[in-house]
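What follows is a short report on a single structure.
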Amino acid sequence: MSYLVQRLTSRLMPDLWYFGVLVLFGVLVSSAAAQAVVRDTEIENALRVYMQPLLKAANLDDERLIITVIQDPNINATVLPNGQILVHTGSLRQAEDPTEIAGMLAHELGHYVNNDILKLTGKFAESQQISLAGIALGLGLALATQSPELLIAGQLLGQHVGVRNQLQFTRSMESGADRRASELLHRSGLGFSGILALNQRLLENYPDPAHAEAKYLQTHPLTQDRITYFARQLQRLGARSTPLGWQRIHDRVRAKLQGFSDAPQEVLMQYSEGVEHLPGQMARAIALMRLARYGEAIALMQAILAEHSEDGFLYDLMGDIQRQAGREDQALQYYGQAIKRLPWASLIRYQRAGLWLKKATSAHALAARDDLLQAVRFEPEVPGYWHSLAHAYRLLDESGEADLALAEAALLEHKPEQSKAYALRAKRGFSVNSATWLRADDIVKQVEAKRKGS
Ligand SMILES: [Zn+2]
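This is how it looks when you write it as structure tokens:
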């Protein structure tokens with residue numbers, strides 16, 4: 032796992048989970064506080080697991096929807112025009128049952144299927160920018176630098192998005208998304224208990240009852256209407272149990288988020304030495320790492336791995352702890368064990384490639400190149416992967432490929448002219464009509480066509 036964090040400069044299109052309700056009443060003090068994107072293989076995988084039956088029910092199971100986790104304690108989620116779904120860590124932490132998250136995802140997917148965002152896009156020219164921001168969001172891992180606790184990816188989103196008040200979905204879009212969610216939840220067999228529980232949680236939790244806004248929320252018909260609607264669906268169509276294995280996945284996600292977000296001393300108090308259940312042990316290991324008590328963290332992880340020797344996510348966590356402890360060779364070994372079990376885990380490959388690249392020999396650069404080629408195959412939209420790939424190619428003296436990788440990165444970062452320049456330079460090094468030449472040529476044409484179009 033890697034807990035990569037990227038700062039955003041403002042909130043993006045809040046949906047009407049909690050945040051949006053306040054906006055409706057105009058009582059929101061707009062917060063331009065930075066938000067961070069969190070990347071973690073295990074957490075992202077959990078969200079994909081919850082999403083899978085819904086995509087299937089929507090006949091979208093071939094579509095690759097990206098789910099991005101935002102560091103924010105409030106329960107919320109939203110969907111961007113490209114279908115990218117943002118989920119707050121607060122949603123994951125507060126939901127006791129994973130079907131609550133599935134219910135939330137079903138609602139966002141409902142907006143996507145109903146084309147609600149495109150309808151808004153017609154209304155607000157700036158939405159286009161939001162779409163672009165959304166694509167870059169969380170994916171600009173180019174400048175990842177280590178900090179004691181988290182990896183911070185330094186790329187700031189330049190253009191921004193001060194349009195949150197305008198970008199509310201209408202009430203009819205909201206109820207339309209709920210109806211669609213209801214269909215998907217029924218067809219997927221996930222049922223309605225989760226989404227019902229989530230809405231009840233919203234009603235109970237937000238905001239602080241001492242605030243005047245609480246009255247708005249608690250009397251606001253939307254959440255109450257939703258509860259009534261889903262309760263009726265539940266009664267009509269019957270309860271379903273949480274899919275097998277999901278609770279175990281979810282408990283680990285919550286424990287990890289707790290380990291990374293809460294004060295480490297508190298985590299250690301809650302999960303004291305000798306804690307027996309795995310999620311608690313994981314949270315404890317993370318807290319120990321954050322306190323730089325690496326010896327204890329590593330010993331605990333060794334004990335965990337002795338019992339769960341086939342669990343790729345645990346090897347990933349161990350790799351992170353080793354790397355944090357400065358034991359890079361050990362980190363490489365554990366990342367290797369993780370990748371063996373999770374060959375699709377582009378983020379872990381990116382981490383491992385970073386360690387190879389530090390060694391800067393051509394054998395290591397080759398290993399890094401191979402990891403990064405896999406990473407961009409599974410997640411082509413991450414500029415940082417392309418930057419690292421370019422770095423590997425440079426070490427290997429393959430300058431055409433390096434330029435092509437930089438052209439890909441610049442394209443994703445919305446720097447078309449720079450992208451074109453790299454692509455043109457790359458082309459000169461390739462034989463005409465080779466696969467790389469054709470790709471470079473595509474990029475040049477794409478940039479030119481876009482310029483004509485705008
Ligand atoms: Zn909504």
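Taking the numbering used here, the leading residue of the sequence shown gets 32, the next gets one more, and so forth. Where is the CB? At the ideal position from N, CA and C, for every residue including glycine.
- Judged by the Cβ position, residue 208 qualifies as a neighbour of ligand 1 at the 8 angstroms threshold, a heavy atom of the ligand being closer than this.
- At a Cβ-Cβ threshold of 9 angstroms, residue 291 and residue 321 count as neighbours.
- Cβ neighbours of residue 317 within its own chain (closer than 7 angstroms, five residues either side excluded): 287, 290, 291.
- In this structure, the alpha-carbon of residue 330 lies about 20 angstroms from that of residue 297.
- Secondary structure at residue 117: strand, using DSSP grouped into helix, strand and coil.
- The beta-carbon distance between residue 299 and residue 70, rounded to whole angstroms, is 25 angstroms. This is too long to meet the 8 angstroms contact definition.
- The segment 368-405 contains, as complete alpha helix (DSSP H) runs of 4+ residues, the segments 377-390 (chain order).
- Spanning the alpha carbons of residue 400 and residue 273 requires a straight line of approximately 41 angstroms.
- Counting other Cβ atoms within 10 Å of its Cβ, residue 450 reaches 16 or more and is therefore classed as buried.
- In the three-state reduction of the DSSP assignment, residue 324 falls in the coil class.
- For residue 353, the closest of 386, 275, 87 by C-alpha to C-alpha distance is 386.
- The closest heavy atom of ligand 1 lies 8 angstroms or more from the beta carbon of residue 327.
- The continuous stretches of beta strand (DSSP E) do not include residue 352, which lies in the alpha helix (DSSP H) extending over residues 343-355.
- The beta-carbon separation of residue 471 and residue 457, rounded to 4 angstroms, stays under the 8 angstroms limit for a contact.
- The count of Cβ pairs closer than 8 angstroms, one atom from the segment 224-232 and one from the segment 277-284, stays below three, leaving the stretches out of contact.
- Residue 99 is bridged by DSSP to 117.
- In this model, residue 430 and residue 277 are separated by some 46 angstroms (Cα to Cα).
- In this structure, the alpha-carbon of residue 305 lies about 14 angstroms from that of residue 333.
- Judged by their CB atoms, residue 420 and residue 442 are not nearer to each other than the 9 angstroms cut-off.
- The closest heavy atom of ligand 1 lies less than 8 angstroms from the beta carbon of residue 139.
- Between ligand 1 and residue 205, a heavy atom-to-CB distance of less than 8 angstroms is present.
- When DSSP states are grouped into helix, strand and coil, residue 70 belongs to the strand group.
- In this structure, the alpha-carbon of residue 133 lies about 5 angstroms from that of residue 81.
- Ranking 293, 105, 447 by CA distance to the CA of residue 479 puts 447 first.
- C-alpha of residue 213 to C-alpha of residue 260: approximately 9 angstroms in a straight line.
- If you look at residue 284, you'll find it in the alpha helix (DSSP H) that goes 277-292.
- Closer than 8 angstroms to some heavy atom of ligand 1: that describes the Cβ of residue 142.
- If you ignore the 5 residues before and after residue 467, its C-beta comes within less than 8 angstroms of the C-beta of 431, 432, 435, 457, 461, all in its own chain and listed in chain order.
- For residue 466, there is no enclosing beta strand (DSSP E); the enclosing alpha helix (DSSP H) covers residues 466-484.
- Where residue 108 is concerned, the enclosing beta strand (DSSP E) starts and stops at 108-110.
- Listed in chain order, the non-local C-beta contacts of residue 262 below 7 angstroms within the same chain comprise 227, local neighbours out to five positions each way being set aside.
- With contacts defined by Cβ atoms closer than 9 angstroms, residue 225 and residue 109 do not form a contacting pair.
- Residue 271 is a Cβ neighbour of residue 220, given a cutoff of 9 angstroms.
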